[in-house]
Amino acid sequence: LDFMQDAARDQGIAFDQEGFEKALGEQRARARASWKGAAKQTANPAYQKLPTSEFEGYRQTTSTGAEVLALLKDGQGAQELKPGEEGEVILDHTPFYAEAGGQVGDRGWLYSDDHNTVVADVIGCYYPIQGVRTHNVVAKQPIRIGDKVDAVVNTEIREATMRNHTATHLLHAGLREVLGKHVKQAGSLVDPGFSHFTAVEDEELQDIEDIINREVLRNEKVEVIENVPIDVAVNEYHAMALFGEKYGDKVRVIKIGDFSTELCGGTHTAATGEIGLIKILKEGSVSSGVRRVEAVSGEGSLQHFRKDHQLENVVASLATRSDATPAEALKYELERREAEIKRLQRELDHARMKSASSSVASVTERIKDVRGIKVLAHRVDNLERAQMRTLVDQLRDKLGSGVVVLGSANDGKVALIVGVTKDLTSRIQAGKVVGSVAQKVGGKGGGRPDLAEAGGNNPGALDSALNDAYGVVESLLS
69 LDFMQDAARD QGIAFDQEGF EKALGEQRAR ARASWKGAAK QTANPAYQKL PTSEFEGYRQ
129 TTSTGAEVLA LLKDGQGAQE LKPGEEGEVI LDHTPFYAEA GGQVGDRGWL YSDDHNTVVA
189 DVIGCYYPIQ GVRTHNVVAK QPIRIGDKVD AVVNTEIREA TMRNHTATHL LHAGLREVLG
249 KHVKQAGSLV DPGFSHFTAV EDEELQDIED IINREVLRNE KVEVIENVPI DVAVNEYHAM
309 ALFGEKYGDK VRVIKIGDFS TELCGGTHTA ATGEIGLIKI LKEGSVSSGV RRVEAVSGEG
369 SLQHFRKDHQ LENVVASLAT RSDATPAEAL KYELERREAE IKRLQRELDH ARMKSASSSV
429 ASVTERIKDV RGIKVLAHRV DNLERAQMRT LVDQLRDKLG SGVVVLGSAN DGKVALIVGV
489 TKDLTSRIQA GKVVGSVAQK VGGKGGGRPD LAEAGGNNPG ALDSALNDAY GVVESLLS
C-alpha cells in the first residue's frame, strides 16, 4: 500500500484510500463467505444425524401442516428455539429451495398451523449435506420439535430469483454463441462467471444482449425434464453441466427451445417472457482465464433504466445549448470542471511554492558553515516532490556553493531531498547525505552525486533528523 501511495504521489495521481479500503473489504467479505459456505458442508457432524425433507417447491410456495423434525441452535441439537433466538429448523416437507447450483436459497416465514401467527422468519435455506434441508430462522414464537407449521416462501423474492436464474441460462448460451463453444460457466450465485481468456469487446456484449433478449421476446417455453439418466442428458440432450457441481445418476434438464439446454435443479420461470428484460451492466476479469458478467433482469432492469433516465435529466439540466444531447452536455461539463480543477491546482501549487520560498528565504540563520561549506537544512511541508526539487534548485543557486537538505511530511510519510552544488560533489555526495538522514526517519534512498531523494515512515522524527543533517555532512567530510 505504501508503495502504491508513493508511486501515485510521484506521478501526480490522487490515491483513493477510501475506495481502495472499500474494494479490499468487499474482496475479503467474498473470500470469507466462500470459505464459510464450503466449511458448512462438512464441518458439523450434527448434520449427519438429521432427517431428510421432501421438497415441494417446484409445484408450490406454501406447505401446510409441516412437522418440525429437528432443531439446531449454535450448531447443536436443541428441543426448542425461544423468541429472538437464531437456529436451524428441519421440516418433513417444505417449499423452500435450498441454496445450490448457483441459485440462492428461499426466504420467507413459518406460520402457526392456524396460519394466524408468524412463528419464525426464514432468512435462508441450505443443504449442509445431501438430502438434508435446513431452514435458518429467527424465532418469533417458541418452536419445539413436533410442532406443526405452515411454511410460506416469500414469492416476491422467489420470482425475482427465478427470473435471474432463467436469465443466467440464456446468458450462458449467448456467451457461447458469440464467444465460442470453449466458454464454460464457472458459477452464477451473484455474478455469472465464465471461462474466457480475453476481454469481451463492447460490440460483443451488445450482440450477446441482443441475442438473449430476442429469446425473451419469443416467450419460449422453459421445459423441465425430470429424472433423466445422466448419460442421456449429456449425449442425447447435449445438456451443459455447471462447472464444479456434482450430479447423480438421474438429473433434471432445463430446456429453452433450441437455444439452451442445461442440467439444473433450480427454480425457473414458465417461459422466457416472464424474465421481462435482461441488461448487461459490465464484464471483467476475476482470475486467470475466468471472467465475470454482471447483469440484471425483471425489476432490476427497470430500476437500472430509471436511474439512467434520472441521470439523463440531471445531465440535461447542465446543457448550455438547447440542441445539446445529454452526452454532449455531460462531456462539456466534465471538461469545464476538469479545466477548473487544473487551474485551481496550479494556483494552489504556486501559492505553496511561494510560501515555501518565502519561508526558506527568511531562515538564513539555518545556514551553517560546516568545514568551510554552507549547509541549509529546513522543513517544508505540503509540497510535492517535484516542487521540492524545484525549491532545492533555487536554494542551491542562492547559496552559490553548498548543500541543501529539505524534508517534508505529508499523510504520515516523509520525503527528503538533498542537493549539492556541482563544485562540491567530489568532496560530498548527495546520495550519502540523504541515506544517512533517511535512516533517522525509518527510510532509505539514493540518487546522483548532486541530487538524491529518500522516503521515510516516521514523521515525528523529521525535525530531529533535519537538525542532525549538519552533523551528517560534517562526518562525511571528515
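69 is the number of the first residue of the sequence shown in my numbering; add one for each residue after it. Glycine is no exception: its CB is placed at the ideal position from the N, C-alpha and C atoms. Since we're looking at a predicted model, the values are computed, not measured.
**Study point:** Exposed unless 16 or more other CB atoms sit within 10 angstroms - verdict on Q371
**Key:** exposed
**Study point:** C-alpha distance - T162 paired with R201, whole-angstrom precision
**Key:** 9 Å
Exercise for review: Apply the 10 Å Cβ neighbour rule to D270 and answer buried if 16 or more other Cβ atoms are within range, or exposed otherwise.
Suggested key: exposed
Practice item. Please list the segments of the alpha helix (DSSP H) lying wholly inside the stretch 307-383, counting only runs of 4 or more residues, in order along the chain. Key: none
Review point. Any idea which residues DSSP pairs Y305 with across the strands?
Key: According to DSSP, which records beta bridges pairwise, Y305 is partnered with nothing at all.
**Study point:** Distance between I158 and G333 (C-alpha atoms, nearest Å)
**Key:** 20 Å
Exercise for review: Identify, in the order they occur along the chain, each residue of the same chain with its Cβ nearer than 6 Å to the Cβ of L345, setting aside the five sequence neighbours on each side.
Suggested key: S369
Practice item. Would you mind listing the beta strand (DSSP E) stretches within the stretch 127-207 that are 3+ residues and don't spill past its ends, in chain order? Key: 130-141, 144-146, 154-159, 176-180, 186-194 and 202-207
Practice item. Would you mind reading off the limits of the alpha helix (DSSP H) that contains S546? Key: Unbroken run through S546: none, as it is neither H nor E.
Exercise for review: Name the residue from A114, H183, R439 and A168 whose alpha carbon lies nearest to the alpha carbon of S131.
Suggested key: H183
Check your understanding: In terms of residue numbering, what span does the alpha helix (DSSP H) encompassing V284 cover?
Key -> D270 to L285
Check your understanding: Are R188 and V172 touching if we call contact CB-CB under 7 Å?
Key -> The residue you asked about is not Arg; residue 188 is Ala in the sequence shown. No, the pair does not count as a contact, with Cβ atoms beyond the cut-off.
**Study point:** Candidates G539, G125 and A138: closest to Q116 by CA position
**Key:** A138
Review point. How long is the line joining the alpha carbons of K108 and A309, rounded to whole angstroms?
Key: With a pLDDT of 49 at K108, under the threshold of 50, the modelled position of this residue cannot be trusted; read the value that follows with caution. Going from the Cα of K108 to the Cα of A309 covers about 24 Å.
Review point. Looking only at its own chain, which residues have a Cβ that is under 6 Å from the Cβ of R127, when we skip the five neighbours before and after it?
Key: none
Exercise for review: In the DSSP assignment, find the unbroken beta strand (DSSP E) run with A522 in it and report its ends.
Suggested key: L519 to G524
Check your understanding: In angstroms, rounded to a whole number, what distance separates the CA positions of K442 and A419?
Key -> 28 Å
Exercise for review: Output the distance between the C-alpha atoms of P297 and V319, rounded to the nearest integer angstrom.
Suggested key: 6 Å
Review point. DSSP puts A219 in a beta bridge; with which residues?
Key: S131 and L178
**Study point:** Where the alpha helix (DSSP H) containing R453 begins and where it ends
**Key:** R453 to L467
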